[in-house]
Structures are given as C-alpha cells and as structure tokens.
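Colleague: The numbering of the sequence shown is the working numbering, which starts it at 69 and goes up by one.
Cβ atoms here follow ideal geometry from the backbone N, Cα and C, with glycine treated the same way.
Sharing a structure with you now.
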Amino acid sequence: VDACHSLIEQEKKRTAGFMIMMPWDWQQIAQICCIRNPFQIINMETEDFKDFKQLYCSVTSPFIFRKTDDSGNNFGISKIVHLQVEAENYGTLYYKTSFDEKEFTTSNSIQSGRRATFPEEIPNLRNDANAISTKKCKHLQTFLKWVPKQFHDFYKNLKYSSECGVNDDDE
69 VDACHSLIEQ EKKRTAGFMI MMPWDWQQIA QICCIRNPFQ IINMETEDFK
119 DFKQLYCSVT SPFIFRKTDD SGNNFGISKI VHLQVEAENY GTLYYKTSFD
169 EKEFTTSNSI QSGRRATFPE EIPNLRNDAN AISTKKCKHL QTFLKWVPKQ
219 FHDFYKNLKY SSECGVNDDD E
C-alpha cells in the first residue's frame, strides 16, 4: 500500500502544474501514475456501501462473526486489503492481508446447524455522505480564497456535524 501511495505522490510531483482541488482530481492522478500496470480506479457512490450488520447480528442471522479463519489464525477485518466473496460459496470470505500474497485465506462464517434465511435486499449503510466535523469544515472554508471559484460550491456544500468524532479534528 505504501508503494502505491508513493507512486501517486511521485506522479503528483511530476505533474506540478495540475492542481488538486477535489477528490476526483486524485482519481485522475492515480489513473495516470502507472502506465505499464495501471491502477484500477472504481468511483464509489454512497449507495455502493451496504449495511451487512443484519447478516450477523440477530438470532436468525445466517452468518456468525468468527475471530479465527479456517486455518485457526486470528481474523482481523481491519488488516484486510483485498476482500472477495463468491455467489457459489456464500458464507465464505476470501481475503488477503497484503497485496503481495498470491493465494486467498478463507474464513467460513456460516452458522452450523442453522437454516439460513437471507434478506431480500441489503440496505445502504447510509443515505447521505459522511459528515465531517464542524471544525474541519470551517477550516476548509478559510482556504477558499486560494481555490478557483468553480470549486467553491463543492466546499460550501460539504455536510458537517458537531457530532463527529473528536479524532476528526486532529487530521
């Protein structure tokens, strides 16, 4: 992951005349930084993020969250860099914790002895974009004097909330 970020940063330095004003601009830099083996950039919208909690958290849930994978190793979802599921092997998570790994590790999450009942549809995780902290939003507004006017609406319309985490203000 660090090597990927390094390539993107190098491309940003190489194209110093190209100003980064919005997240979309970072996508463009990432797409052009590796000509021989380009990054696959997938633009994700709010509705692309699903809330899978109902598959794990109720008495009738078809799946159970396991703390170990099929080999008995600790299963830490936060360490996963590549997660894959297959329709024909539902309940099995295929994952890698490093981009260098050749093979996937598996974790079976089907509850044994239960008849699985699946929901018709997986709900969206949220209906609106994630809010940033009020402090961060105000901070971004102070930079508008250096931002071209065509980008002002993007920054003025950012969703913010005083209920965001304290750690958000440190970034």
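Whose CA, out of C102, P187, C205 and T174, lies closest to the CA of G140?
Modeller: T174
Colleague: Under the three-state reduction of DSSP, which class applies to F262: helix, strand or coil?
Modeller: The first residue shown for the chain is 69 and the last is 239, placing residue 262 beyond what the model contains.
Colleague: What are the boundary residues of the alpha helix (DSSP H) that T202 is part of?
Modeller: T202 to T210
Colleague: Between the region 96-105 and the region 79-86, are three or more C-beta pairs nearer than 8 Å?
Modeller: Here the region 96-105 lies against the region 79-86, with 3 or more beta-carbon pairs under 8 Å apart.
Colleague: For my contact list, K200 and Y228 are in at a C-beta cut-off of 8 Å; report their separation, rounded to the angstrom.
Modeller: Checking the sequence, you will find Ile at residue 200 rather than Lys. 5 Å between Cβ atoms; contact.
Colleague: Is the separation between the beta-carbon of G159 and that of I178 shorter than 9 Å?
Modeller: Taking 9 Å as the Cβ cut-off, G159 and I178 qualify as a contacting pair.
Colleague: Can you tell me whether Y223 is helix, strand or coil according to DSSP?
Modeller: helix
Colleague: Let me check one thing: in DSSP terms, what residues is Y162 bridge-paired to?
Modeller: Q152 and T174
Colleague: Can you tell me whether P130 is buried or exposed? The criterion is at least 16 other CB atoms within 10 Å of its CB, across all chains shown.
Modeller: buried
Colleague: Am I right that N192 and D137 are in contact with their C-beta atoms under 8 Å? What's the rounded C-beta distance?
Modeller: Incorrect: roughly 28 Å between the Cβ atoms, too far for contact.
Colleague: In the DSSP assignment, find the alpha helix (DSSP H) that holds Q108 and state where it starts and stops.
Modeller: That residue, Q108, is in no alpha helix (DSSP H); it is neither H nor E in DSSP.
Colleague: Taking only the alpha-carbon atoms, compute the straight-line gap between Q152 and C72 and give it to the nearest angstrom.
Modeller: 20 Å
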